[in-house]
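Novice: Before anything else, here's the structure in question.
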Amino acid sequence: TQSVENYAASVFPDFRVESPGDLTTPADPNADGVFVSIHSTGDIAFYPWEGSNALPPNLAGLRGLAQKMGFASGFAACQNCFLGPASGTTVDNIYEKLGVAAYTFEIGSSFGQSCASFESTVLPETLAGLQAGIKHTRRPYQTALGPDVRDVTLISNGGSITLNAVADDTRRAVNGGGEPVDAAQPIAEVRYTVGEPPWIATQAFALNADDGQFDESIEAVSAPLTQISGQSIVFVYAIDSNGNQGPPSAVFVNADDIFADGMESPVR
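Be aware that the sequence shown starts at 43, since it is given in this note's numbering, and climbs by one per residue.
Below, the structure written as structure tokens:
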């Protein structure tokens, strides 16, 4: 445990602003990074505090991201449900000392599962959760409260490109531990940037709700893409009715190829 904590301290900045041992002051809401400790077994995504039933000061963000990763993996998401409190965990120490959003994945449905089960089920479930977490490594305490963007595609129609996506604020794990699951909020707007992620780009462009109005927690959206020539990356992100901005989804674009074959580009 100490070796892992030392390594984490060499990788993550210290986002704690309070005195050592202060377990009630929130970490910096602008903190970056996500730490995941992987164990077996249980199909659960745990968030701090794992060693007690006391609520962590960054509860909303910690729980929100646990629920998003749990949804992606098909895991329950909770503080210490099913297995009970475990004191002295790496996750609690890293969150306490560095303020980094930290989690435990209890993977698999039993100990000693076969290689076939690992490759067909455990590995893809775990990777799906980790990939969901990777999208939130910038300011996870904030983006975990916002909507996801999925099913991003680019389709050519003659000499034009249409950007399509779905903004979705419902992708949260069923808890299973008696804790509340964050309520879905209506989508308020969806935007995209070209060539740079939203926190760097100086200009963002709006996508329109396909049904004509932003008033649901799942919205199909689209927009003509006129800012692309050659190769680029398009980042799409959504904002809910509470003003929470979710993480972007990115799609690689080669406009010349799209115009040539009319095919869609892969989502990242």
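For glycine and all other residues, C-beta sits at the position ideal for the given N, C-alpha and C. Small disclaimer: the values here were computed from a predicted structure and weren't measured.
1. Excluding sequence positions up to five away, which residues of its chain have a Cβ less than 6 Å from the Cβ of S115?
2. Check the C-beta distance from P228 over to D210 and give it rounded, since I have them as a contact under 8 Å.
3. Please name the residue, chosen from A174, Y234, W241, G200, that lies closest to R213 on a Cα-to-Cα basis.
4. If I measure Cβ to Cβ from E221 and keep anything under 6 Å in the same chain, skipping five residues before and after, which residues do I get?
5. Is it true that the stretch 155–165 meets the stretch 264–282, where meeting means three or more beta-carbon pairs spaced less than 8 Å apart?
6. Since Q184 and P71 should fall inside the 8 Å C-beta cutoff, what is the C-beta to C-beta distance between them, to a whole number of angstroms?
7. Which whole runs of the beta strand (DSSP E) in the stretch 110–179 are 3 residues long or more, in chain order?
8. Between F247 and the rest of its own chain, which residues show a CB-CB distance below 6 Å, the 5 nearest in sequence each way excluded?
9. Within 10 Å of its beta-carbon, does E238 have 16 or more other beta-carbons around it, so buried, or fewer, so exposed?
10. Do F147 and V78 count as a contact pair if the criterion is CB distance below 8 Å?
11. Please determine, among S152, G126, A50, G285, the residue with the shortest C-alpha to C-alpha distance to C76.
12. Tell me the DSSP secondary structure of T43 in three-state form.
13. Would you mind working out which of I176, L97, V53 sits nearest I136, comparing C-alpha positions?
14. Per DSSP, what are the beta-bridge partners of S291 in this structure?
15. With a threshold of 6 Å on Cβ separation, who are the neighbours of A280 within its own chain once the five nearest residues in sequence on each side are excluded?
16. Tell me whether W91 is buried or exposed, calling it buried when 16 or more other Cβ atoms sit within 10 Å of its Cβ.
17. Alpha carbons only, please: which of G254, F277, P55 is nearest the one belonging to T195?
Specialist: Taking the definition as stated:
1. Within the same chain, S115 has close Cβ partners E167, A170, G171.
2. P228 to D210, Cβ: 12 Å. No contact.
3. Out of A174, Y234, W241, G200, the CA that lies nearest to the CA of R213 is found in A174.
4. Cβ within range, chain order: C120.
5. Too few Cβ pairs lie closer than 8 Å, so no.
6. About 6 Å separates the two Cβ atoms, so the contact holds.
7. 118–120, 143–148, all fully within the stretch 110–179.
8. For F247, where only same-chain residues beyond five positions count, the Cβ hits under 6 Å are Y234.
9. It is exposed - the Cβ of E238 has fewer than 16 other Cβ atoms within 10 Å.
10. Result yes, Cβ atoms of V78 and F147 sit closer than 8 Å.
11. Reading the sequence as shown, one finds Val at residue 76 and not Cys. For the set S152, G126, A50, G285, the Cα lying nearest the Cα of V76 is the one of A50.
12. Coil, per DSSP.
13. Of the candidates I176, L97, V53, the residue whose Cα lies closest to the Cα of I136 is V53.
14. Beta bridge pairing from DSSP links S291 with V278.
15. Around A280: P189, V191, A209, I229, V232, G288.
16. When all chains shown are included, W91 counts as buried.
17. Residue nearest to T195 within the set G254, F277, P55 is F277 (criterion: CA-CA distance).
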